[in-house]
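Q: Count the sequence shown with our numbering and you get residues 12 to 308, in order.
Where is the CB? At the ideal position from N, CA and C, for every residue including glycine.
All of these numbers come straight from a predicted model, not from anything done at the bench.
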Amino acid sequence: MSEMSLSLTGLKFFAVASAIGMILSPVYEVQAFRKEGTGERHPLPYAMIALNSGLWCFYAILKNDWFPMMATNSIGAFAGYIYLSVFSYYSDPEKCRYDARKYALGVLFSEMMVAMALFMTTDQMSSDEQCDYLGMLATSILVMTFASPLIVIVQVCRTRNSSALSRPLSVLGFLCACAWTTYGKLIDDVYVWGPNGLGIMLTAMQLLVIVMYPKRSPGPSDGVSKLPQNGSKRNSRSRKEEMSGSKKKLENGGSSVSVEMAPLIHRAGSGMNTNKANITDDERARAQDLEDVDKTA
12 MSEMSLSLTG LKFFAVASAI GMILSPVYEV QAFRKEGTGE RHPLPYAMIA LNSGLWCFYA
72 ILKNDWFPMM ATNSIGAFAG YIYLSVFSYY SDPEKCRYDA RKYALGVLFS EMMVAMALFM
132 TTDQMSSDEQ CDYLGMLATS ILVMTFASPL IVIVQVCRTR NSSALSRPLS VLGFLCACAW
192 TTYGKLIDDV YVWGPNGLGI MLTAMQLLVI VMYPKRSPGP SDGVSKLPQN GSKRNSRSRK
252 EEMSGSKKKL ENGGSSVSVE MAPLIHRAGS GMNTNKANIT DDERARAQDL EDVDKTA
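1) Excluding the 5 residues flanking Y92 on each side, which residues of the same chain have their C-beta closer than 6 Å to its C-beta?
2) Would you identify the three-state DSSP class for G169, choosing helix, strand or coil?
3) How many angstroms separate the CA atom of P79 from the CA atom of E122?
4) By DSSP, does C187 sit in helix, in strand, or in coil?
5) How about the region 173-180 and the region 149-156: do they share at least three Cβ pairs that are nearer than 8 Å?
6) Which value, in whole angstroms, describes the spacing of the CA atoms of V97 and S18?
7) Could you give the distance in angstroms between the alpha-carbon of R169 and the alpha-carbon of A26?
8) Rounded to the nearest angstrom, what separates I162 and P179 at their Cα positions?
9) I'd like the span of the alpha helix (DSSP H) that includes F212, first residue to last.
10) Below 8 Å CB to CB, which residues in the same chain sit around L95 once its five sequence neighbours on both sides are set aside?
11) Let me make sure I understand the geometry here. Which of S29, Y202, A149, F185 has the alpha-carbon closest to that of M212?
12) Can you tell me the Cα-Cα spacing of G234 and V41, whole angstroms?
13) Going straight from the alpha carbon of T20 to that of N75, what length do you get?
14) If you draw a straight line from the C-alpha of S137 to the C-alpha of R45, how long is it?
15) Roughly how many angstroms lie between the CA atoms of Y224 and T132, to the nearest whole one?
16) Can you have a look at R171 and say buried or exposed, based on whether 16 or more other CB atoms are within 10 angstroms of its CB?
17) Alpha carbons only, please: which of S102, M147, S85, A190 is nearest the one belonging to G208?
18) Kindly indicate the opening and closing residues of the alpha helix (DSSP H) around T49.
19) Roughly how many whole angstroms lie between the Cα atoms of G65 and G210?
20) My output table needs one value for E105: the three-state DSSP class, helix, strand or coil.
21) Assuming R112 is part of the alpha helix (DSSP H), what are its boundary residues?
22) Could you compute how far the alpha carbon of G48 sits from the alpha carbon of M147?
23) How would you label V203, buried or exposed, when you count the other beta carbons within 10 angstroms and need 16 or more for buried?
24) Got a sec? Which residues, its chain only, sit under 7 Å from F120 by beta carbon, not counting five neighbours each side?
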């Protein structure tokens with residue numbers, strides 16, 4: 012066996028491993044749906060995995076490429092439907108506005124239409140012509156699959172939080188795109204290396220966004236909202252300490268109370284004395300007026 016065939020065989024296994032890793036990368040997140048729900052995630056990446064893998068299964072049948080193309084994409088088609096089913100089961104209709112069942116039905120309808128078109132054009136077109144048309148369609152879908160996680164890019168940039176992006180899917184998608192681009196170049200198939208070359212750029216963009224905006228569990232407003240709460244807690248603590256200190260002073264005796272409350276008592280007493288003085292002066296003035304009226308009478 013020559014070195015070229017050995018390298019091609021090794022590249023095939025690496026392409027299969029990277030593709031299966033990309034397909035199975037959402038497993039951890041899908042398992043987390045049982046505890047956390049779907050949250051802000053979008054079912055589009057899972058739908059694109061199912062649709063892309065299904066179309067490439069048709070392409071592998073026409074090209075008679077059972078390994079690695081058919082082997083990896085058959086797993087991807089099955090896994091995509093599983094992800095959509097789990098997403099639909101654990102999504103809360105009040106919090107999640109995306110219905111994964113509609114995406115699953117849309118993927119299934121699209122694959123049935125493609126299969127029907129291939130079957131109806133078997134007599135009118137050769138297998139190479141069918142490969143060309145199916146290859147162009149699968150290429151566009153593959154590019155959309157790599158770009159599908161970027162559907163939340165506006166939300167990520169606005170909140171500066173990349174929690175809505177899947178890190179395993181982005182990393183393994185980058186490795187998968189690199190492997191299949193190299194494999195497509197070796198077999199000289201533009202429908203393989205072309206979309207995967209674009210996938211390298213799209214997944215690299217996702218990794219750049221993840222590095223720029225790291226994942227944060229609390230929202231951006233949580234830090235601001237906690238400030239007054241901490242301040243109120245400090246104020247309540249200080250008030251409690253003052254009240255407890257005053258109670259202790261009352262329990263110890265009246266000396267400390269009299270010393271601390273003396274200015275207040277003096278002010279209150281002086282205020283009462285001034286009020287009494289004002290009242291007596293008014294009564295004297297009224298009495299004097301009554302005496303003057305009696306004299307004149």
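A: According to the structure shown:
1) Here residue 92 refers to the residue found at position 81 of the sequence shown. A61.
2) The sequence position of residue 169 within the sequence shown is 158, counting from 1. The displayed chain sequence assigns Arg, not Gly, to residue 169. R169 falls in the helix class under three-state DSSP.
3) For this step, residue 79 is matched to residue 68 along the sequence shown. For this step, residue 122 is matched to residue 111 along the sequence shown. Roughly 21 Å between the two C-alpha positions.
4) Taking the sequence shown and counting its residues from 1, one reaches residue 187 at position 176. Correct three-state label for C187: helix.
5) No, because fewer than three Cβ pairs between the region 173-180 and the region 149-156 fall closer than 8 Å, the two stretches do not touch.
6) In the sequence shown, counting from the first residue as 1, residue 97 sits at position 86. In the sequence shown, counting from the first residue as 1, residue 18 sits at position 7. When rounded, the distance between both Cα atoms is 39 Å.
7) Residue 169 sits at position 158 when you count from the first residue of the sequence shown. Residue 26 sits at position 15 when you count from the first residue of the sequence shown. When rounded, the distance between both Cα atoms is 35 Å.
8) Counting from one through the sequence shown, the residue named residue 162 turns up at place 151. Counting from one through the sequence shown, the residue named residue 179 turns up at place 168. So the alpha carbons of these two residues sit roughly 17 Å apart.
9) Taking the first residue of the sequence shown as position 1, residue 212 is located at position 201. According to the sequence shown, residue 212 is Met rather than Phe. Looking at the DSSP string, the run of the alpha helix (DSSP H) that includes M212 is 201-223.
10) Position 84 of the sequence shown, counting from 1, holds the residue named residue 95. Only P54, Y57, A58, A61, A111, R112, Y114, A115, V118 meet the Cβ criterion.
11) The residue labelled residue 212 in the question sits at position 201 within the sequence shown. Measuring from the Cα of M212, the nearest candidate turns out to be F185.
12) Within the sequence shown, numbered from 1, the residue matching residue 234 stands at position 223. Within the sequence shown, numbered from 1, the residue matching residue 41 stands at position 30. Because the pLDDT of G234 is 40, which lies under 50, any placement of that residue in the model is unreliable, and the number read from its coordinates should be weighed accordingly. Cα to Cα, the separation comes out at about 29 Å.
13) Working through the sequence shown from its first residue, we reach residue 20 at position 9. Working through the sequence shown from its first residue, we reach residue 75 at position 64. Straight-line Cα distance between these residues: approximately 17 Å.
14) Translated into positions along the sequence shown, residue 137 becomes position 126. Translated into positions along the sequence shown, residue 45 becomes position 34. Taking C-alpha positions only, S137 is separated from R45 by approximately 48 Å.
15) For the purposes of this step, residue 224 is taken as the residue at position 213 of the sequence shown. For the purposes of this step, residue 132 is taken as the residue at position 121 of the sequence shown. Cα to Cα, the separation comes out at about 49 Å.
16) The residue you call residue 171 lines up with position 160 of the sequence shown. Label assigned to R171: exposed.
17) As a first step, residue 208 is located in the sequence shown; it is residue number 197 there, counting from the start. Considering only S102, M147, S85, A190, the residue with the shortest C-alpha distance to G208 is A190.
18) Walking along the sequence shown from the start, residue 49 turns up at place 38. Segment: none, T49 is in no alpha helix (DSSP H) and carries neither H nor E.
19) By 1-based counting over the sequence shown, the position of residue 65 is 54. By 1-based counting over the sequence shown, the position of residue 210 is 199. Their backbone Cα atoms lie some 18 Å apart in a straight line.
20) The residue given as residue 105 occupies position 94 in the sequence shown. Coil, per DSSP.
21) The sequence position of residue 112 within the sequence shown is 101, counting from 1. Membership of R112 in the alpha helix (DSSP H) is indicated by the continuous run 111-131.
22) Here residue 48 is taken as the residue at index 37 of the sequence shown, counted from 1. Here residue 147 is taken as the residue at index 136 of the sequence shown, counted from 1. Approximately 37 Å between the Cα atoms of the pair.
23) As a first step, residue 203 must be located in the sequence shown, where it is residue number 192. By the beta-carbon neighbour count (other beta carbons within 10 angstroms, threshold 16), V203 is buried.
24) Within the sequence shown, numbered from 1, the residue matching residue 120 stands at position 109. If you ignore the 5 residues before and after F120, its C-beta comes within less than 7 Å of no other C-beta in its own chain.
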